[in-house]
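*Asks:* Got a structure for you, questions after.
Protein chains: 2
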Amino acid sequence: MRIAIDAMGGDHAPKVVVEGAIAAAKEWNDVHIILVGNQAAIESHMTEKPANITIRHAEEVIEADDEPVKAVRRKKDASMVVAGKLVREKEAEAMISAGNTGALMTTGLLVVGRIPGIERPALAPMLPTMDGSGVLALDLGANMDATPEQLLQYAIMGSIYRAKVHGIAKPRVGLLNVGTEAAKGNELTKAAYPLMEQAPIEFVGNIESSQVLKASCDVIVCDGFAGNIMLKTLEGAASAIFSALKQEFTKTLFSKLAAAILKPGLTKFRKKMDYTEHGAAPFLGLDGLVLKSHGSSDANAIYNAVRQARIALQKDLVGTISAEISRGKRDMES
Amino acid sequence: MRIAIDAMGGDHAPKVVVEGAIAAAKEWNDVHIILVGNQAAIESHMTEKPANITIRHAEEVIEADDEPVKAVRRKKDASMVVAGKLVREKEAEAMISAGNTGALMTTGLLVVGRIPGIERPALAPMLPTMDGSGVLALDLGANMDATPEQLLQYAIMGSIYRAKVHGIAKPRVGLLNVGTEAAKGNELTKAAYPLMEQAPIEFVGNIESSQVLKASCDVIVCDGFAGNIMLKTLEGAASAIFSALKQEFTKTLFSKLAAAILKPGLTKFRKKMDYTEHGAAPFLGLDGLVLKSHGSSDANAIYNAVRQARIALQKDLVGTISAEISRGKRDMES
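As given, the protein sequences belong to chains A and B, one line each in that order.
Numbering-wise (our numbering), the first sequence opens with residue 1 and increments by one.
Numbering-wise (our numbering), the second sequence opens with residue 1001 and increments by one.
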C-alpha cells in the first residue's frame, strides 16, 4: 500500500517527519512511503534510505498561518496539495499531514474529493477519556453548521472507523446533547435523534458533554461548532486547573515537597488527558484516506500515523464507508 | 421593596429557605419578604417572626422531576406559580426560587410575562473564572436555539445586569465562538457579530471557550445549546480531574501525606470553580425580577439571593432593560 506523507507539514518538519517515515518504512515492508516536499531538505534528514521510501519533490509549502482556501488554490505545487493529488490520481491510497488543519481540510475537499453521496466530510479526532480508551468525536471543526442528515452520516462514518481501525465489534454511538431524553436539545439534535435510531449503528442516545470524559460511548456525534466548544472548554478547564495546582504546589516548602511526591502520577495523568497524544485524526468521507497529525507531532507520532493508515487501508475503511453510504441512499429511495 | 420567595423550592426546602429569609429580613428592613408555600410547614421553621416577613399559603408544590410546562399549567396553586402571580400582579417586585429550573422558566414566561420587545428571556448564571471574578453567561438553557437578534438582546441585557448589579462601569461583552476573527463561527455567530459591533455595549469580539475561564470578558453571549455544552463540559472536566487527583492522592502512604498538606488549598480552589457558589442566576427579559437559586442552596445562598434582588431592585434593573430595548427598537424603526 502506498502512503503519501506531507514532509513539510508540522512544527518540526521536515526533520521529524522524515525520521518517523524511516522508522515506519523499516517496520512495515508492505508499505511504500512517498515523502512529498523539498527534495534537498528531505534528503538532508535521510540518515537511512529504505527501499520502500521515495521522494516526490514539491516546490512550495503551506504555512501554519496561511489562509486555507487561498493557499490550496494558489500554491498548486505545495507539498500538501501534491500529496492530495497523489491520492486523487490513485498513485497513493492515503496521505498524512501534520500541517495547517484548515488547508488539509480544503485539500481533502478540493483535491482528493468526497465519496459520492457524502454531503460533508468530517474531521474526527479522538478525545481523551478518564479510562484511557478515548472517544472518536466528529465533526470537530470541518463544518460549523450541520443538518440532521449530515449528523447521521457522521454517525455511520464514525462507527465504521471505530469498528475497522480499532476493532470494536459494536461501537456505541452517542449524540452530543444537553440532556439524555429523546426530546431534549435544539432543532438539529431533535431532528437527528430519530434518524440515528433507525440507522445501522449501535445508537446509545443523547450524551451530555459532562459524560463524554467518562467513556459512555465510542463515537460522539456533533456539529463542528458544538464539538469545538466542547473541545476548547476541555482544554481550557484542564489548563486552568493544572496551572492552579502548580500555584498551590509552589506556595510553601512543604507543598513543594508534597508536589514532588505527586508529580510523576500527575504528569502521567495530564498526558492521558492530552488529546494530541491520541493519534492522527481521520478526515472521514473523502474518496481516499486522509489523516491529520497534530502540528506538534514528533517522529513517533508520524510513525504511529503510518500504523493507523496501514490498518485503515488493510480494512478498506474508505470502501466500507462508501458502500454503506450508497446502501443507505438506496434504502431511502426504495 | 417586596420580594416573594418560593419557600417550597430546592433540595432543603422549606427549612433553609425560611432560615435564609429570616436572616435577610433582619438584615434589611427596607425589604418585605413574602414566603409562599405551605403555611404550616413554613411556620414550623419560623424560629423568629420579623415584622417584614409575611406568609402566603399555597397548597401545591412543583417537584424537581415534574415536567415543567405541564406542572406550571396544572398546579395553579403551586408555591412557585403563586410567587410568579404576585410579581405579575405587582404585589411583589421580585421572586426567588431554588426549585425546578424548567418550571421556573415556564413560570417566568407564562405567569410573569416578558418585557415588551424582548423575544426570548434568558437564564444568566455566573460561571467561575480563575481569578474569582466570574463571567455572566447567557443564555444558559432557557432557549436551545437563538437568532442573531436574540443574541443581541442577550448581550444588552447581560451588560445592563453587570453594570447595575455588579457595578462594572463598562462590562466587556464577548460572543462565544470557535475562533477570535470576525469571520469565524457558524451562521448564527457570523450574523450576530456585526449586530454586536453596533450595539451600545463594550463588545470585545469573539471569545473561544478555552478563554472564558480566564475572565477575558464580563459577559459571554451564546445560544442555550452551546452554553449548556460549555457549562457541562466544564463541570465534567473539573469533576474528572478532581477524582483523578483523589485517586493519585490515595495511592501510597507518602502520597496521602502529601495530599494532606495540599488539601486545604485544593478545597478552596475547588469551591472557587463551583458555579453553584456564585449566587442566584437572573432570568433576564421578564417583566419583573426572577432569580433562580441553585437547588442545593443553603440558608446563606437564599440570604445572598435576597441581597442580589435588593440591589437589582434599587438599581431598577428591569426598568433599565425595558427602556434600552424600547430605545433600540425605535432606533431600528427610524
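Using N, Cα and C, we set each Cβ at its ideal position, and we do this for glycine too.
Please say whether A/A103 and A/A71 have beta carbons closer to each other than 7 Å?
*Replies:* yes
*Asks:* Closer than 7 Å by beta-carbon distance: list the chain B residues that pair up with A/D150, in chain order.
*Replies:* The question names Asp, but residue 150 of chain A in the sequence shown is Gln. Neighbours of A/Q150 on chain B: none; closest Cβ ~13 Å, over 7 Å.
*Asks:* Which residues, taken in chain order from the segment 1074-1107 of chain B, show a beta carbon closer than 7 Å to some beta carbon of chain A?
*Replies:* none
*Asks:* Which same chain residues, not among the five before or five after A/K170, have their C-beta less than 6 Å away from its C-beta?
*Replies:* So the list reads E202, once near-sequence residues are dropped.
*Asks:* Shortest alpha-carbon distance to B/Y1193 belongs to which of B/V1221, B/H1166 and B/C1217?
*Replies:* Closest option to B/Y1193, Cα to Cα, is B/V1221.
*Asks:* In this structure, does DSSP put A/V173 in helix, strand or coil?
*Replies:* strand
*Asks:* For B/S1097, write down the residues that DSSP places opposite it in a beta bridge.
*Replies:* For B/S1097, which the question treats as bridged, DSSP gives the partners B/K1292.
*Asks:* Give the DSSP-derived three-state secondary structure of B/E1119 in the structure shown.
*Replies:* coil
*Asks:* Determine the extent of the alpha helix (DSSP H) in which A/L152 is found, giving its start and end residues.
*Replies:* P148 to H166
*Asks:* Within 7 Å (strictly less), CB to CB, does B/F1283 reach chain A?
*Replies:* no
*Asks:* Who are the Cβ neighbours of B/G1174 in its own chain at under 6 Å, not counting the five residues just before and after it?
*Replies:* The beta carbon of B/G1174 sits closer than 6 Å to the beta carbons of V1204, I1207, C1217 and I1220 from its chain, once the five residues preceding and following it are set aside; these are given in chain order.
*Asks:* Which runs of the alpha helix (DSSP H) spanning at least 4 residues fall entirely within the segment 1178-1226 of chain B, listed in chain order?
*Replies:* 1187-1198 and 1209-1212
*Asks:* Looking at A/A146: is its Cβ nearer than 7 Å to the Cβ of A/D65?
*Replies:* No, the pair does not count as a contact, with Cβ atoms beyond the cut-off.
*Asks:* Taking its Cβ as the centre, do 16 or more other Cβ atoms sit within 10 Å of A/L253, making it buried, or is it exposed?
*Replies:* exposed
*Asks:* Closer than 8 Å between beta carbons: that is the criterion. Which residues of the segment 156-183 of chain A meet it against chain B?
*Replies:* So the close ones are L176 and V178.
*Asks:* What are the complete beta strand (DSSP E) segments, minimum 3 residues, inside the segment 1043-1067 of chain B?
*Replies:* 1053-1057
*Asks:* With a cut-off of 7 Å, does the C-beta of A/N228 fall near any C-beta of chain B?
*Replies:* yes
*Asks:* Consult DSSP for B/G1265 and reduce its assignment to one of helix, strand or coil.
*Replies:* helix
*Asks:* Please name the residues in the segment 1236-1261 of chain B whose beta-carbon is closer than 9 Å to at least one beta-carbon of chain A, in chain order.
*Replies:* G1236, A1237, A1238, S1239, A1240, I1241, F1242, S1243, A1244, L1245, Q1247, E1248, F1249, K1251, T1252, F1254, S1255, L1257, A1258, A1259, A1260 and I1261
*Asks:* Taking the beta strand (DSSP E) that A/V87 belongs to, which residues open and close that run?
*Replies:* Element bounds for A/V87: not the beta strand (DSSP E) but the alpha helix (DSSP H), S79 to R88.
*Asks:* Going by CA-CA distance only, name the one from B/A1155, B/G1265, B/V1081 and B/T1250 that's closest to A/K251.
*Replies:* B/G1265
*Asks:* Please classify B/A1305: is it buried, with 16 or more other beta-carbons within 10 angstroms of its beta-carbon, or exposed?
*Replies:* When all chains shown are included, B/A1305 counts as buried.
*Asks:* When you compare each of B/R1270, B/A1281 and B/I1005 to B/E1093 by their alpha carbons, which one comes out closest?
*Replies:* B/I1005
*Asks:* From this set, B/G1328, B/R1088, B/G1295 and B/A1122, which residue's C-alpha is nearest B/G1010's C-alpha?
*Replies:* B/G1295
*Asks:* Given B/P1148, which residues of its chain have a CB within under 6 Å of its CB, disregarding the five upstream and five downstream residues?
*Replies:* A1191, A1192 and L1195
*Asks:* Hey, B/G1108 and B/L1286: beta-carbon distance below 7 Å or not?
*Replies:* yes
*Asks:* Whole angstroms are fine: how far does the CA of B/I1118 sit from the CA of A/K85?
*Replies:* A/K85 and B/I1118 have their C-alpha atoms some 53 Å from each other.
*Asks:* Given a cut-off of 7 Å on the beta-carbon distance, is the pair A/Q39 and A/I55 in contact?
*Replies:* yes
*Asks:* Okay, do the segment 270-284 of chain A and the segment 113-133 of chain A touch, 3+ Cβ pairs below 8 Å being the bar?
*Replies:* yes
*Asks:* Excluding the 5 residues preceding and the 5 following B/K1315 in the sequence, name in chain order all residues of the same chain whose CB lies nearer than 8 Å to its CB.
*Replies:* K1164 and V1165
*Asks:* Could you give the first and the last residue of the continuous beta strand (DSSP E) run that contains B/G1037?
*Replies:* H1032 to G1037
*Asks:* Check the Cβ of A/T147 against every Cβ in chain B and list those closer than 7 Å, keeping chain order.
*Replies:* Under the 7 Å cutoff, chain B gives no residues; its nearest Cβ is about 12 Å from A/T147.
*Asks:* What number of angstroms, rounded off, separates the C-alpha of B/I1042 from the C-alpha of A/A260?
*Replies:* 53 Å
*Asks:* Do we get a CB-CB distance below 7 Å when we pair A/F203 with the residues of chain B?
*Replies:* no
*Asks:* A/S97 and B/L1262: beta carbons closer than 7 Å?
*Replies:* The Cβ atoms of A/S97 and B/L1262 do not sit closer than 7 Å to each other.
*Asks:* Taking A/T233 as the query, report the chain B residues whose CB atoms sit under 8 Å from its CB, ordered along the chain.
*Replies:* S1209, S1210, V1212, I1229, M1230, T1233, L1234 and A1237
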